[in-house]
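S.K.: Have a look at this one before I ask anything.
Number of protein chains: 2
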Amino acid sequence: MPCAILRPHPLTSAQLSNMAKKKTAPKNAFYAQSGGVSAVINASAAGVIETAKKHPRQIGRLYAGRHGIIGALTEDLIDVYKESPALLKGLKHTPAGAFGSARFKLKGLEQNKAEYERLIEVFKAHDIGYFFYNGGNDSMDTALKVSQIGESMGYPITCVGVPKTVDNDLPHTDCCPGFGSVAKYIAVSTREAALDVASMARTSTKVFVLEVMGRHAGWIAAAGGLAGRKAGDPPHIILFPEVPFEKDKFLGKVKQCVTDYGFCVIVVSEGSATPDGKFLADAGTTDAFGHTQLGGVGPLVANMVREAHGYKYHWAVADYLQRAARHIASKVDVDQAYAVGKAAVELAVKGVNAVMPTIVRKASKPYKWTIGHVPLAEVANKEKKLPPEYITADGFGITEACRRYLEPLIGGEAYPPYKDGLPDYVRIKGVGVKRKLKTDFKA
Amino acid sequence: MPCAILRPHPLTSAQLSNMAKKKTAPKNAFYAQSGGVSAVINASAAGVIETAKKHPRQIGRLYAGRHGIIGALTEDLIDVYKESPALLKGLKHTPAGAFGSARFKLKGLEQNKAEYERLIEVFKAHDIGYFFYNGGNDSMDTALKVSQIGESMGYPITCVGVPKTVDNDLPHTDCCPGFGSVAKYIAVSTREAALDVASMARTSTKVFVLEVMGRHAGWIAAAGGLAGRKAGDPPHIILFPEVPFEKDKFLGKVKQCVTDYGFCVIVVSEGSATPDGKFLADAGTTDAFGHTQLGGVGPLVANMVREAHGYKYHWAVADYLQRAARHIASKVDVDQAYAVGKAAVELAVKGVNAVMPTIVRKASKPYKWTIGHVPLAEVANKEKKLPPEYITADGFGITEACRRYLEPLIGGEAYPPYKDGLPDYVRIKGVGVKRKLKTDFKA
Numbered sequence: 127m128p129c130a131i132l133r134p135h136p137l138t139s140a141q142l143s144n145m146a147k148k149k150t151a152p153k154n155a156f157y158a159q160s161g162g163v164s165a166v167i168n169a170s171a172a173g174v175i176e177t178a179k180k181h182p183r184q185i186g187r188l189y190a191g192r193h194g195i196i197g198a199l200t201e202d203l204i205d206v207y208k209e210s211p212a213l214l215k216g217l218k219h220t221p222a223g224a225f226g227s228a229r230f231k232l233k234g235l236e237q238n239k240a241e242y243e244r245l246i247e248v249f250k251a252h253d254i255g256y257f258f259y260n261g262g263n264d265s266m267d268t269a270l271k272v273s274q275i276g277e278s279m280g281y282p283i284t285c286v287g288v289p290k291t292v293d294n295d296l297p298h299t300d301c302c303p304g305f306g307s308v309a310k311y312i313a314v315s316t317r318e319a320a321l322d323v324a325s326m327a328r329t330s331t332k333v334f335v336l337e338v339m340g341r342h343a344g345w346i347a348a349a350g351g352l353a354g355r356k357a358g359d360p361p362h363i364i365l366f367p368e369v370p371f372e373k374d375k376f377l378g379k380v381k382q383c384v385t386d387y388g389f390c391v392i393v394v395s396e397g398s399a400t401p402d403g404k405f406l407a408d409a410g411t412t413d414a415f416g417h418t419q420l421g422g423v424g425p426l427v428a429n430m431v432r433e434a435h436g437y438k439y440h441w442a443v444a445d446y447l448q449r450a451a452r453h454i455a456s457k458v459d460v461d462q463a464y465a466v467g468k469a470a471v472e473l474a475v476k477g478v479n480a481v482m483p484t485i486v487r488k489a490s491k492p493y494k495w496t497i498g499h500v501p502l503a504e505v506a507n508k509e510k511k512l513p514p515e516y517i518t519a520d521g522f523g524i525t526e527a528c529r530r531y532l533e534p535l536i537g538g539e540a541y542p543p544y545k546d547g548l549p550d551y552v553r554i555k556g557v558g559v560k561r562k563l564k565t566d567f568k569a
Numbered sequence: 127m128p129c130a131i132l133r134p135h136p137l138t139s140a141q142l143s144n145m146a147k148k149k150t151a152p153k154n155a156f157y158a159q160s161g162g163v164s165a166v167i168n169a170s171a172a173g174v175i176e177t178a179k180k181h182p183r184q185i186g187r188l189y190a191g192r193h194g195i196i197g198a199l200t201e202d203l204i205d206v207y208k209e210s211p212a213l214l215k216g217l218k219h220t221p222a223g224a225f226g227s228a229r230f231k232l233k234g235l236e237q238n239k240a241e242y243e244r245l246i247e248v249f250k251a252h253d254i255g256y257f258f259y260n261g262g263n264d265s266m267d268t269a270l271k272v273s274q275i276g277e278s279m280g281y282p283i284t285c286v287g288v289p290k291t292v293d294n295d296l297p298h299t300d301c302c303p304g305f306g307s308v309a310k311y312i313a314v315s316t317r318e319a320a321l322d323v324a325s326m327a328r329t330s331t332k333v334f335v336l337e338v339m340g341r342h343a344g345w346i347a348a349a350g351g352l353a354g355r356k357a358g359d360p361p362h363i364i365l366f367p368e369v370p371f372e373k374d375k376f377l378g379k380v381k382q383c384v385t386d387y388g389f390c391v392i393v394v395s396e397g398s399a400t401p402d403g404k405f406l407a408d409a410g411t412t413d414a415f416g417h418t419q420l421g422g423v424g425p426l427v428a429n430m431v432r433e434a435h436g437y438k439y440h441w442a443v444a445d446y447l448q449r450a451a452r453h454i455a456s457k458v459d460v461d462q463a464y465a466v467g468k469a470a471v472e473l474a475v476k477g478v479n480a481v482m483p484t485i486v487r488k489a490s491k492p493y494k495w496t497i498g499h500v501p502l503a504e505v506a507n508k509e510k511k512l513p514p515e516y517i518t519a520d521g522f523g524i525t526e527a528c529r530r531y532l533e534p535l536i537g538g539e540a541y542p543p544y545k546d547g548l549p550d551y552v553r554i555k556g557v558g559v560k561r562k563l564k565t566d567f568k569a
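These protein sequence lines map, in sequence, to chains A and B. Under this note's numbering, the first sequence has 172 at position 46, and the numbering climbs by one with no breaks. Under this note's numbering, the second sequence has 461 at position 335, and the numbering climbs by one with no breaks.
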């Protein structure tokens, strides 16, 4: 890893003068939020912004892309330093993407060189020498490519990824900022809904299904398992994307739970799939009116139970509520989100290029972590699934090893301030940077 | 209203002796939770229990029905005073029905006298002279009937209702305990999800639909309106049960919002209905496989938008999550829930029969309230809907008058304690009272 080393031997005055010149010519930085947002991505933004401000000799201005990378392509840049101190403070407790995010994956260099060239053109026009990209697997791939194309076009740019994904599927990091808060929301909600069902089951609802996010990895579903503490505690069944769904086995387990406990609480991942790899939610295609399947996998599974056993059921689909739930964010998650933003800037100003800060677990109980980093090439487009040893033998629960891994990540509460009974979330002014290019780009 | 009056004139020694005897013969009390539970119904239980303990000369033991009124009918009583002090303290911050609730409506006296007679039989066997029934409209009707049948059977029993319903539809009270916390949850969730959609709308989801409870009254849906502060703020559309759903008008408004703001956030009440009074959720009946309609009204409305305009959408159904969300309970709601429990016992020991404590608003800003009471006959089976002056002229929003009414009810946070990242909710020991009857009852 390259880093600034203080040379002990004397320098010539010409060398010293050159270094001083270098120091007086800071480059601007660009920051963008990418992909699905989270409860703490703005805490990462706060980490980037506050740390950039501490390095004025390397970083001149900090620009954010309005709606992520789209803002760079269309030269729609937000002058971050024009935001008020109150806004910058408020970012730490405000969910979703304050600067706007985008679902926009830059294609391979060969297929769409024009997009990358456009990025470099905009960066050049605004003297941008640092690129901070706050996202998941896809975004790390983009950051890597931007670094490569800049190099090949003779405009080197220091690219550092800032990890973010509620899916928790980035490799080489203990966890991903954004996940801890979703995990806490799902664990809390599962515990609360389970108490509700338990108190009603004698005469009313016997089966409750909660659908959670995680199309390819079952980390969020697994977090539902934290709601219970001992055998028999709800949730009684978790359906993971990693475990092929077997209808009969599932229905048998539901019946067993209702018999044994009087009710059954089920957490189902949106990515649950049949043994032949088809998403459960895709099983039914159109209804009697030719409408596209309305329900998600939650109502589908609930209905399956009703048809087989006739139990009264309820289902909930948390959808965006889970990933936006800053009101119940994990303090650990907020701290880590801020820390990776801060570390990204610290790495960049040291000249470390094409890397992503990671979270390194030092101990689980009490949880101790520190920040490391990994080359972007090691994380780009890779997915970390739930390992088999985190899933119980019957495929329906989490093991103690999984609990040991997950529990620290939901640790601590980081409540936002309230006004008139509601969280006092902030909004950016979003002052634009004057355009310098005459060319347009249709994103 | 009958109440204890201190007589200023001297009493004979026989009279004094009689009074002393009366004082040394306390009656036991019965408490039951009824209907759908809430985040704060246990706070009402705490109010009942702690206050009952302060009146040992009138109230001997306090028994709770296991699973509500079912526990009385089947002589399955919980000896509440055998619970630990920690449990009793924990009730104030534990959601759902700690003693078990029931969806079990006693029919009219004529139709099913046996059930009422059985109740009195059990009450007599356990020397129960006080009946505290914690529920909504139906439950107030039951409490009234128990009072009447006791009287007619020569076993007078003091019956006091303890109001509880997330639907907020009881008349003669400023609001219903349980509602403020659901309202806060829905307002917070709407604000959070709206921030999520706003940050993604440029390239992804343009329409977000949140389905909320409230089959007959739009109070919960209206609470979603608190998420916005000024014109144009989300939610852009609220669909109330009180406003007949007009598809074309609705779709036109959605398009207008996406054009004006870039996205559209919709809160829809499960009770939304067509002009001919049919629930929207009942519109589609079966799908291609003969399955019963899986989705609720949320996915249905979202799909309607997609079919008409092609916008990418997401939808969430909060279901039990909303009414069990003690983690984000309104402090005002918790305080009021406790206060009505306390008042119920205070009224009962004064001999006030067949009433329900109410919440009386003294001022809105700052919110000032006190406790009153109303005869059960005035609330039994009556429903308070959202008044027309609380709904904007276009039928899609809440007025300032509505905001003034709602805002105080979500005031303050009353966070539960946490352990290992999760709320530390309590569970009862639930020690049963020895049965005295030889007869069984099949509920």
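Ideal Cβ placement from N, Cα and C applies to all residues, glycine included.
Taking the alpha carbon of GLY378(A) as the point to measure from, which residue in MET430(A), ARG355(A), PRO360(A) and GLU337(A) has its own alpha carbon closest?
M.R.: Here residue 378(A) corresponds to residue number 252 of the first sequence, with the count starting at 1. Of the listed residues, the one whose Cα sits closest to GLY378(A) is MET430(A).
S.K.: Taking the alpha-carbon of ILE536(B) as reference, which of ILE312(B), GLY223(B), GLY226(B) and TYR259(B) has the nearest alpha-carbon?
M.R.: Position 410 of the second sequence holds residue 536(B). Per the Cα distances, ILE312(B).
S.K.: Just curious, the alpha helix (DSSP H) that CYS383(A) is in, first and last residue?
M.R.: In the first sequence, the residue the question calls residue 383(A) occupies position 257. Per DSSP, CYS383(A) belongs to the alpha helix (DSSP H) from 373-387.
S.K.: Using 8 Å as the threshold, is the C-beta distance between PRO289(B) and PRO483(B) below it?
M.R.: As a working note, residue 289(B) is residue 163 in the second sequence. As a working note, residue 483(B) is residue 357 in the second sequence. The answer is yes: Cβ separation under 8 Å.
S.K.: Using alpha carbons as the reference points, say which of SER398(B), ALA399(B) and LYS381(B) lies closest to ARG432(B).
M.R.: Start at 1 with the first residue of the second sequence, and residue 432(B) comes out as number 306. ARG432(B) has its Cα closest to that of LYS381(B), out of SER398(B), ALA399(B) and LYS381(B).
S.K.: Let me see if you follow: with CB-CB separation under 8 Å, is TYR111(A) close to chain B or not?
M.R.: Residue 111(A) is absent from the structure shown; chain A starts at 127 and stops at 569.
S.K.: Is ASN238(B) buried or exposed, if buried means 16 or more other CB atoms sit within 10 Å of its CB?
M.R.: Looking up residue 238(B) in the second sequence gives position 112. ASN238(B) comes out exposed.
S.K.: With ASN168(A) as the anchor, note down where its alpha helix (DSSP H) starts and where it stops.
M.R.: Position 42 of the first sequence, counted from the first residue, corresponds to residue 168(A). That run of the alpha helix (DSSP H) goes 167-179.
S.K.: Looking at TYR464(A): is its Cβ nearer than 8 Å to the Cβ of SER170(A)?
M.R.: Here the question's residue 464(A) lines up with position 338 in the first sequence. Here the question's residue 170(A) lines up with position 44 in the first sequence. Contact flag set, yes.
S.K.: How would you call PRO549(B), buried or exposed, if buried means at least 16 neighbouring beta carbons within 10 angstroms?
M.R.: Here residue 549(B) corresponds to residue number 423 of the second sequence, with the count starting at 1. Answer is buried; the Cβ neighbour count reaches 16.
S.K.: How should THR299(B) be labelled, buried or exposed, when 16 other C-beta atoms within 10 angstroms of its C-beta is the threshold for buried?
M.R.: As a working note, residue 299(B) is residue 173 in the second sequence. Label assigned to THR299(B): buried.
S.K.: Hey, VAL335(B) and ILE392(B) are a contact pair by Cβ (cut 8 Å); roughly how many whole angstroms apart?
M.R.: Translated into the one-based positions of the second sequence, residue 335(B) becomes position 209. Translated into the one-based positions of the second sequence, residue 392(B) becomes position 266. The Cβ separation is near 5 Å, so the contact holds.
S.K.: Could you tell me which chain B residues have their CB closer than 9 Å to the CB of TYR551(A), listed as they occur along the chain?
M.R.: Taking the first sequence and counting its residues from 1, one reaches residue 551(A) at position 425. Result: ARG317, GLU318 and LEU321.
S.K.: CA-CA distance, ILE485(B) and GLU504(B)?
M.R.: Translated into positions along the second sequence, residue 485(B) becomes position 359. Translated into positions along the second sequence, residue 504(B) becomes position 378. Rounded to whole angstroms, ILE485(B) to GLU504(B) spans 15 Å at the Cα level.
S.K.: Within 10 Å of its beta-carbon, does LYS153(B) have 16 or more other beta-carbons around it, so buried, or fewer, so exposed?
M.R.: The count along the second sequence starts at 1 and reaches residue 153(B) at position 27. Result: buried.
S.K.: For LEU473(A), does the three-state DSSP call read helix, strand or coil?
M.R.: Position 347 of the first sequence holds residue 473(A). Helix at LEU473(A).
S.K.: From VAL308(B), PRO360(B), PRO401(B) and GLU509(B), pick the residue whose C-alpha is nearest to that of LYS375(B); which is it?
M.R.: Within the second sequence, the letter at position 249 stands for residue 375(B). It is PRO401(B).
S.K.: Consult DSSP for ASN144(A) and reduce its assignment to one of helix, strand or coil.
M.R.: Here the question's residue 144(A) lines up with position 18 in the first sequence. The predicted model places ASN144(A) with a pLDDT of 49, which falls under 50 and marks its position as unreliable; any figure quoted below should be read in that light. Helix at ASN144(A).
S.K.: Exposed or buried, what is GLY422(B) when buried is set at 16 or more other beta-carbons lying within 10 Å of its beta-carbon?
M.R.: Residue 422(B) sits at position 296 when you count from the first residue of the second sequence. Buried, since its Cβ has 16 or more Cβ neighbours within 10 Å.
S.K.: Can you tell me the Cβ-Cβ gap for GLY194(B) and SER227(B), rounded? I've got them flagged as a contact below 8 Å.
M.R.: Here residue 194(B) corresponds to residue number 68 of the second sequence, with the count starting at 1. Here residue 227(B) corresponds to residue number 101 of the second sequence, with the count starting at 1. About 5 Å; that satisfies the 8 Å criterion.
S.K.: Just how far apart, CA to CA, sit ALA319(B) and LEU447(A)?
M.R.: The residue labelled residue 319(B) in the question sits at position 193 within the second sequence. The residue labelled residue 447(A) in the question sits at position 321 within the first sequence. Cα to Cα, the separation comes out at about 6 Å.
S.K.: Are any of the Cβ atoms in chain B nearer than 8 Å to that of GLU396(A)?
M.R.: What you label residue 396(A) is simply residue 270 of the first sequence in a count that begins at 1. Not one chain B Cβ lies under 8 Å of GLU396(A).
S.K.: At the level of alpha carbons, what is the spacing between ASP566(B) and ARG244(B)?
M.R.: Working through the second sequence from its first residue, we reach residue 566(B) at position 440. Working through the second sequence from its first residue, we reach residue 244(B) at position 118. Whole-angstrom Cα-Cα distance: 10 Å.
S.K.: Given a threshold of 16 other Cβ atoms within 10 Å of its Cβ, counted over all protein chains shown, does ASN507(A) qualify as buried or as exposed?
M.R.: Residue mapping note: residue 507(A) aligns to position 381 of the first sequence, counting from 1. With fewer than 16 Cβ atoms within 10 Å of its Cβ, ASN507(A) is classed as exposed.
S.K.: Report the residues of the region 333-351 of chain A with a CB closer than 7 Å to any CB of chain B, ordered along the chain.
M.R.: So the close ones are PHE334.
S.K.: Taking just the CA atoms, how far does VAL206(B) sit from ALA407(A)?
M.R.: What you label residue 407(A) is simply residue 281 of the first sequence in a count that begins at 1. What you label residue 206(B) is simply residue 80 of the second sequence in a count that begins at 1. Cα to Cα, the separation comes out at about 46 Å.
S.K.: Of all Cβ atoms in chain B, is any one closer than 8 Å to the Cβ of GLU533(A)?
M.R.: Working through the first sequence from its first residue, we reach residue 533(A) at position 407. Interface residue, yes.
S.K.: Can you round the beta-carbon distance between TYR123(B) and ILE254(B) to whole angstroms, since I take them to be within the 8 Å contact cut?
M.R.: One cannot answer for residue 123(B) here, as it falls past the ends of chain B, which runs 127 to 569.
S.K.: Could you check whether ASP295(B) and GLY260(B) sit closer than 8 Å to each other, using their CB atoms as the reference points?
M.R.: Against the second sequence, residue 260(B) aligns to sequence position 134. Against the second sequence, residue 295(B) aligns to sequence position 169. It should be pointed out that residue 260(B) corresponds to Asn in this sequence rather than to Gly. No, the pair does not count as a contact, with Cβ atoms beyond the cut-off.
S.K.: I'd like to check one pair, SER325(B) with GLY223(A): are the Cβ atoms closer than 8 Å?
M.R.: Here the question's residue 223(A) lines up with position 97 in the first sequence. Here the question's residue 325(B) lines up with position 199 in the second sequence. Cβ distance < 8 Å, so GLY223(A) and SER325(B) count as in contact.
S.K.: Quick one: measure Cβ to Cβ for ARG125(A) and LEU352(A), integer angstroms, because I've assumed they're closer than 8 Å.
M.R.: Outside the displayed range of chain A (127 to 569) lies residue 125(A), so it cannot be described from this structure.
S.K.: Would you kindly work out how many angstroms separate the C-alpha atoms of LEU214(B) and THR268(A), rounded to a whole number?
M.R.: Locating residue 214(B) in the second sequence gives position 88, where the first residue counts as 1. Locating residue 268(A) in the first sequence gives position 142, where the first residue counts as 1. Cα-Cα distance, rounded: 56 Å.
S.K.: From HIS499(A) to VAL286(A), what does the alpha carbon distance come to, in whole angstroms?
M.R.: To locate residue 499(A), count along the first sequence from 1; it is residue 373. To locate residue 286(A), count along the first sequence from 1; it is residue 160. Rounded to whole angstroms, HIS499(A) to VAL286(A) spans 10 Å at the Cα level.
S.K.: Going by DSSP, name the residue or residues bridged to VAL288(B).
M.R.: Sequence index remark: in the second sequence, residue 288(B) carries index 162 (1-based). For VAL288(B), which the question treats as bridged, DSSP gives the partners ASN260(B).
S.K.: GLU509(B): which of VAL292(B), GLU241(B) and GLY477(B) sits nearest, CA to CA?
M.R.: Locating residue 509(B) in the second sequence gives position 383, counting from the first residue. Looking at the Cα atoms, VAL292(B) is the closest of the given residues.
S.K.: Looking at LEU203(A): is its Cβ nearer than 8 Å to the Cβ of GLY216(A)?
M.R.: Sequence index remark: in the first sequence, residue 203(A) carries index 77 (1-based). Sequence index remark: in the first sequence, residue 216(A) carries index 90 (1-based). No, Cβ-Cβ distance for LEU203(A) and GLY216(A) is not below 8 Å.
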